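Enquirer:
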Amino acid sequence: MKPDIGVVIHGPEVIDSGGARHVLDVLHEHYTVTAMLGGTMGRAAALDASLEDEIDISTRMALSDTIDLLSWTDAVILLSRGKSIDSGIAFGRIAVSRAKKIPVIQIECQVRNGVVIPWNGATEWAEAIARIMGLPIRTPPPAQNVRLVRTDDGLMHRRIHNVMPGENIRINGIVVGTAVSRDVEIVVDDFRVVAITGTRIKEHGIEKLERVDLKSALVRTGSIRRTKHEARVGRVDAKEKSGDLRVVLIDHDAESTFELSEGADLAVTVGDDTTAIASDILYRLGIPVIGITDMDLDDVLSDTNILPGSVVLRVKPGYDDIVGDMVRDCLFGDTGQMVAQSVESVREQVVGIAGALLVEVVEY
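Taking my numbering, the leading residue of the sequence shown gets 2, the next gets one more, and so forth.
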């Protein structure tokens, strides 16, 4: 009887590159494999690669929670592809420290090479995995959560590693600035971000962020999907569908797109980055969008796909949130859902609510 192996696949890059499929194929020869996904855009990548029947993409959980969920297996593998091997190890160090203290074997897949990293005393398992994968072992430092430094003035500092100038910086999914240096540090006073060194700050993002637990905050940099890919389109007949359409509101919460859009026929999205990310995800599910933007796009996602029949409204700069709030109050209420007769009827209502704030309507 084959040993049970749990595999946690993090992010789209390791899927887009073909690394995930290769590793899973090799592991299946030796183990009984249960594979789960971590991260929102990883789910889109799994759909593009037709891996949704092999990788469980049904739920969105923190990476450490996914590791914990698979702790019943004989060993857990964390499969990732960072910007570099060192950045991948730095990521694994934090992720593993937040999970149960169980043996974890990280496979960091790079383009021409890769390494196997044993965490929490998983040396024997790492040796076995390295042997069948034909990869070297890299011994890491002990798993450790992010380090915070409190200065004499009472401020908390968190250094962000492996940042490249020009990359956007996101805290808990919200873009808060663009790096202008490799030396980036988030500074917090009483759970509120007061500075980010080495960064051109986006004040509106800081305002939306509100209170932040700096130790547990999810900080990401750069595009959420760096690798080339070909999107797998869903149904494209939504524009013609009418009568009792279920419409959902996705308001600055793109990472919850899969959950919010379950059973939906149409989505109204608020915010430039939210519209870009949600549209790209919903393209695969065959769900058109009515986007409310002010063209303040932060290049969180390149090569965005949008389903035919979708419409993007551009409003005056700084007013997308205001129009979004008006749309919520007038159409959706507290549930964030409504029923409509057609895509066109919802579009007309949203255009009417935007009124004089509307600059342009772009049809797809």
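For every residue, glycine included, the Cβ atom is placed at its ideal position computed from N, Cα and C.
Predicted, not measured: the structure shown is a model, and the values here were computed from it.
With three or more C-beta pairs closer than 8 Å as the rule, is the stretch 42-51 touching the stretch 75-87?
Expert: Contact fails: fewer than three Cβ-Cβ distances are below 8 Å.
Enquirer: Find the nearest neighbour of V105 within the set R94, V34, L308 and L332, judged by alpha-carbon distance.
Expert: It is R94 whose Cα lies nearest to the Cα of V105.
Enquirer: Between G155, G174, V27 and G20, which lies nearest to I278 when the distance is taken from Cα to Cα?
Expert: It is G174.
Enquirer: Could you compute how far the alpha carbon of L359 sits from the alpha carbon of V352?
Expert: So the alpha carbons of these two residues sit roughly 7 Å apart.
Enquirer: Rounded to whole angstroms, what is the Cα-Cα separation between E14 and A357?
Expert: C-alpha separation (whole angstroms): 42 Å.
Enquirer: Here's a check: name, in chain order, each residue in its chain whose Cβ is nearer than 6 Å to the Cβ of I206, leaving out the five neighbours to either side.
Expert: The sequence given here has Gly at residue 206, not Ile. Excluding positions up to five away in sequence, the list reads I175, V176 and V177.
Enquirer: If you draw a straight line from the alpha carbon of L250 to that of V271, how long is it in whole angstroms?
Expert: Cα to Cα, the separation comes out at about 8 Å.
Enquirer: Tell me which residue opens and which closes the beta strand (DSSP E) that L267 is part of.
Expert: Residues L267 to V271.
Enquirer: Ignore the nearest five residues each way along the sequence and tell me which others in V269's own chain have a CB closer than 6 Å to its CB.
Expert: Counting only Cβ-Cβ distances below 6 Å, and skipping sequence neighbours, we find L250 and I291.
Enquirer: Rounded to whole angstroms, what's the CA-CA distance from G115 to P4? Just pull it up for me.
Expert: For G115 and P4, the distance between alpha carbons rounds to 24 Å.
Enquirer: For F259, count neighbouring Cβ atoms within 10 angstroms of its own Cβ and tell me buried if that reaches 16, exposed if not.
Expert: With 16 or more Cβ atoms within 10 Å of its Cβ, F259 is classed as buried.
Enquirer: Could you tell me the alpha carbon to alpha carbon distance between L70 and H23, rounded to whole angstroms?
Expert: Near 23 Å, if we compare the C-alpha coordinates of H23 and L70.
Enquirer: State yes or no: is the C-beta of E256 nearer than 7 Å to some heavy atom of the ligand SAH?
Expert: In terms of ligand content, the structure shown is empty, and the ligand SAH therefore cannot be addressed.
Enquirer: Judging by CA-CA distance, which residue of L261, L210, E208 and V185 is the nearest neighbour of Q59?
Expert: Here residue 59 is Ser; the residue named in the question, Gln, does not match the sequence. Ranking L261, L210, E208 and V185 by Cα distance to S59 puts L261 first.
Enquirer: Buried or exposed: which applies to E361, given that a residue is buried once 16 or more other Cβ atoms fall within 10 Å of its Cβ?
Expert: Burial call: exposed.
Enquirer: Compare the Cα-Cα distances from P318 to each of D295, A127, I108 and D326 and report the closest residue.
Expert: Residue D295 is the option with its Cα nearest to P318.
Enquirer: When DSSP labels each residue in this structure, what does L219 get in the three-state scheme?
Expert: L219 falls in the coil class under three-state DSSP.
Enquirer: Using a Cβ-Cβ cutoff of less than 8 Å, which residues in the same chain neighbour G122 once the five nearest sequence positions on both sides are dropped?
Expert: Hits under 8 Å: P104.
Enquirer: Comparing alpha-carbon positions, which option in Y284, L38 and D54 lies nearest R61?
Expert: Nearest option by C-alpha distance: L38.
Enquirer: Leaving out five residues on either side along the sequence, give the residues of the same chain with a beta carbon under 7 Å from the beta carbon of Q111.
Expert: Cβ neighbours of Q111 beyond the five flanking positions: R82 and I86.
Enquirer: Can you give me the start and stop residues for the alpha helix (DSSP H) that S346 sits inside?
Expert: Start and end: V344 to A355.
Enquirer: How many whole angstroms separate the CB atoms of G223 and E168, which I take to be in contact at a CB cut-off of 8 Å?
Expert: At roughly 4 Å, the Cβ-Cβ gap stays under 8 Å, so G223 and E168 are in contact.
Enquirer: Determine the closest residue to D341 out of T305, L267 and S88, with distance taken between C-alpha atoms.
Expert: Checking the displayed sequence, the identity of residue 341 turns out to be Ala instead of Asp. That would be L267, whose Cα lies nearest to the Cα of A341.
Enquirer: How big is the Cα-Cα spacing for G337 and H253?
Expert: When rounded, the distance between both Cα atoms is 12 Å.
Enquirer: Who does N169 pair with in a DSSP beta bridge?
Expert: Answer is T179, bridged to N169.
Enquirer: Are the CB atoms of L246 and Y284 nearer to each other than 8 Å?
Expert: Not a contact, by the Cβ cut-off of 8 Å.
Enquirer: Drop a sphere of 10 angstroms on the beta-carbon of M157, count the other beta-carbons inside from all chains shown, and report buried for 16 or more, exposed for fewer.
Expert: It counts as buried.
Enquirer: Write down the C-beta distance between I108 and I90 rounded to the nearest angstrom, noting that I regard them as a contact closer than 8 Å.
Expert: Actually they do not touch by this definition, with Cβ atoms about 12 Å apart.
Enquirer: Under the three-state reduction of DSSP, which class applies to M296: helix, strand or coil?
Expert: DSSP places M296 in coil when its eight states are reduced to three.
Enquirer: Tell me the DSSP bridge mates of G7?
Expert: Answer by DSSP bridge pairing, in chain order: T35 and V77.
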